[in-house]
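So the number in this note's numbering is just where the residue sits in the sequence shown, counting from 1, plus 315.
Backbone N, C-alpha and C define an ideal beta-carbon position, used for all residues, glycine too.
For clarity, every value in this text was computed on a predicted model and none was experimentally measured.
First comes the structure, then the notes that go with it.
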Amino acid sequence: MEVYSLLILNKAGGLIYQKDLNPKLSKLSANDYLVLAGTLHGAHAIATRLKPDGSKSSHDDPHTVNSNILVSGKAHTPNVNKSGLANIDTDLFSLYVFQTLTGVKFIIITSPVGAVTVTQAGSPSASQKQLEVASNIYKQCYMYYCDYVMKDPFYSLDMPIKSSMFESKVVSLAGAR
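Printed below as a string of structure tokens:
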């Protein structure tokens, strides 16, 4: 799997980081990336609200919420980190959206899954394997984000990321794939 691009959106949907990691691909303009970020943020927000009629989550039941607080000692707010839009697979690329608990979204654009073959029951398909690889890339990027961006005393929240250490780690991570 080849990583094409990494985008990071703040909780309001603003593009705070964008890096093309494959020099062979044609480049989008800065405006195109802003439009892409806004569109994906909106689609993700709508997808988190979609659920079948009559279905009720465990977060809607006051008894369940109260018992969870008593057991864990923490309140779990109902609208935090619902999955929403997780991935988009096309013939040309695969796009994965990962949202942190603080609402920051990491968007990883990779090479397409390819021809998905019929697999035996219990064996992971090509798309499941690629999702696992993308999830591991996300975890590494998130670790770098925490270590080199959030711990930077000069970084202001929700502002564009200008950390050279973060960028070099992301580039080396993509190069290792």
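D347: first and last residue of the uninterrupted alpha helix (DSSP H) it sits in:
A345 to R364 is the span of the alpha helix (DSSP H), which, as asked, contains D347.
Of all the options P468, I422 and G418, which has the alpha carbon lying nearest to the alpha carbon of A449?
From the listed residues P468, I422 and G418, the smallest Cα separation to A449 is found for I422.
By the DSSP assignment, the alpha helix (DSSP H) with N402 in it spans what residues?
That residue, N402, is in no alpha helix (DSSP H); its beta strand (DSSP E) goes N402 to D404.
May I ask which residues mark the beginning and end of the alpha helix (DSSP H) holding F481?
For F481, the enclosing alpha helix (DSSP H) begins and ends at S479 to G490.
Mark V420 as exposed unless 16 or more other C-beta atoms lie within 10 angstroms of its C-beta, in which case mark it buried.
The sequence shown places Lys at residue 420, not Val. Classification of K420: buried, given that the 10 Å Cβ count is 16 or more.
Continuous alpha helix (DSSP H) stretch holding K420: start and end
No alpha helix (DSSP H) contains K420, which is instead part of the beta strand (DSSP E) from K420 to T425.
What's the C-alpha gap between V395 and V412?
No answer about V395 holds up, because its pLDDT of 45 lies below 50 and its placement is not dependable.
Beta-carbon proximity of P427 to L400, cut-off 9 Å
No. Outside cutoff.
Grab me the residues of L330's own chain with a C-beta within less than 7 Å of its C-beta, minus the 5 sequence neighbours each way, in chain order.
Contacts found: L322, L324, Y348, L349 and A352.
DSSP three-state label for S450, please.
Helix, per DSSP.
Kindly give me the distance between the Cβ atoms of M417 and K326, rounded to whole angstroms, as I take these residues to be in contact under 8 Å.
Note that residue 417 corresponds to Thr in the displayed sequence, not to Met. Sure, about 7 Å apart at Cβ, within 8 Å.
So the candidates are L340, G328, Y332 and Q333; which of them puts its Cα closest to the Cα of E317?
For E317, the nearest C-alpha among the options comes from L340.
Just the Cα atoms here: how many angstroms apart are I452 and L488?
C-alpha of I452 to C-alpha of L488: approximately 8 Å in a straight line.
Verify whether the separation of the beta carbon atoms of V464 and L336 is less than 9 Å.
Taking 9 Å as the Cβ cut-off, V464 and L336 do not qualify as a contacting pair.
In angstroms, rounded to a whole number, what distance separates the CA positions of S442 and S471?
Their backbone Cα atoms lie some 37 Å apart in a straight line.
To the nearest angstrom, how far is it from the Cα of I403 to the Cα of P468?
I403 and P468 have their C-alpha atoms spaced approximately 36 Å apart.
Quick one: what does DSSP say Y319 is sitting in, helix, strand or coil?
The answer is strand: DSSP assigns Y319 an E or B state.
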